[in-house]
Amino acid sequence: MRCPFCGHDDTQVKDSRSTEDGVAIRRRRVCSACTQRFTTVERVQLRELSVNKADGRRVPFDRDKLARSIRVALRKRPVPEERQEQLVNGLVRQLEASGEHEISSHRIGQLAMDALREVDGVAYVRFTSVYRDFREVEAFSKILADMKPIPGGADMPHPDDSQETP
1 MRCPFCGHDD TQVKDSRSTE DGVAIRRRRV CSACTQRFTT VERVQLRELS VNKADGRRVP
61 FDRDKLARSI RVALRKRPVP EERQEQLVNG LVRQLEASGE HEISSHRIGQ LAMDALREVD
121 GVAYVRFTSV YRDFREVEAF SKILADMKPI PGGADMPHPD DSQETP
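Numbering (the UniProt record's numbering), first residue to last: 1 to 166.
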């Protein structure tokens, strides 16, 4: 593994541990040249996936892009990082297990929306509004009207609600 700091080819693994429900290995490494430490993560990749975009282009599937989109939707929501990682891993496993080598961006977006809807309603609306490119308030109203209430989700207190106002 090449050192990201100095580019030297010789790095040593100092610690390895299983992460993300056992589907990845996190390795702590040290460079023998500059002695900088860094972390790598190895994941099992069942097959190479490509994404068919709406404009007809084919691009390699990018797990990190999906993870960023999910994290943006869940930003400042009460969903732990571990749960977010499980969500992304589950989506990737679904895509890999489908048996298809080429997957439409529409299908990936729909799977992500469905998963977010189960986890957090606000994140679902955020993701959907960007994915479907909402431009009018009516689009938000329609999606909110279509949502079923999540048990225990609507009555959750906001962290600022406990503070008294002067």
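Positions of the beta carbon are idealized from the N, C-alpha and C atoms, including for glycine.
Can residue i and residue j be called in contact, C-beta distance under 8 Å?
i: Ala123; j: Arg83; result: no
i: residue 168; j: Asp15; result: Outside the displayed range of the chain (1 to 166) lies residue 168, so it cannot be described from this structure.
i: Thr39; j: Arg57; result: no
i: Leu111; j: Ala73; result: no
i: Arg29; j: Met1; result: yes
i: Ser105; j: Ala54; result: yes
i: Ala24; j: Cys6; result: no
i: Val59; j: Ser50; result: yes
Measuring from the CB of residue i, is there a heavy atom of the ligand FAD at a distance below 7 Å?
i: Ile70; result: Although the ligand FAD was asked about, the structure shown includes no ligands whatsoever.
Starting from residue i, follow the beta strand (DSSP E) in both directions and report where the run begins and ends.
i: Phe127; result: That residue, Phe127, is in no beta strand (DSSP E); its alpha helix (DSSP H) goes 121-131.
i: Ser69; result: No beta strand (DSSP E) contains Ser69, which is instead part of the alpha helix (DSSP H) from 63-73.
i: Arg93; result: Counting along the chain, Arg93 falls outside any beta strand (DSSP E), though it belongs to the alpha helix (DSSP H) covering 81-97.
i: Ser104; result: 102-104
i: Val30; result: 24-31
i: Thr39; result: 37-43
i: Lys14; result: 11-19
i: Arg57; result: Premise fails: Arg57 is in no beta strand (DSSP E) and is neither H nor E.
Assuming the contact rule is C-beta atoms closer than 8 Å, residue i and residue j should be a hit. Round their C-beta distance to whole Å, please.
i: Asn52; j: Glu96; result: Going by Cβ atoms, the distance from Asn52 to Glu96 rounds to 16 Å, so no, they are not a contact pair.
i: Phe127; j: Ser69; result: 7 Å
i: Ile108; j: Val125; result: Not quite, the Cβ-Cβ distance comes to about 18 Å (not below 8 Å), so this is no contact.
Taking residue i as part of the alpha helix (DSSP H), name the residues at either end of that continuous run.
i: residue 187; result: Any property of residue 187 remains undetermined from this structure, which presents the chain solely from 1 to 166.
Using a Cβ cut-off of 8 Å (strictly closer), state whether residue i contacts chain D.
i: Gly109; result: Of the protein chains in the structure, only one exists, and it is not chain D.
Handout entry: Cβ contact check for the segment 88-96 and the segment 119-134: 3 or more pairs under 8 Å
Key = As far as the Cβ criterion goes, the segment 88-96 does not touch the segment 119-134, which means the pair count is below three.
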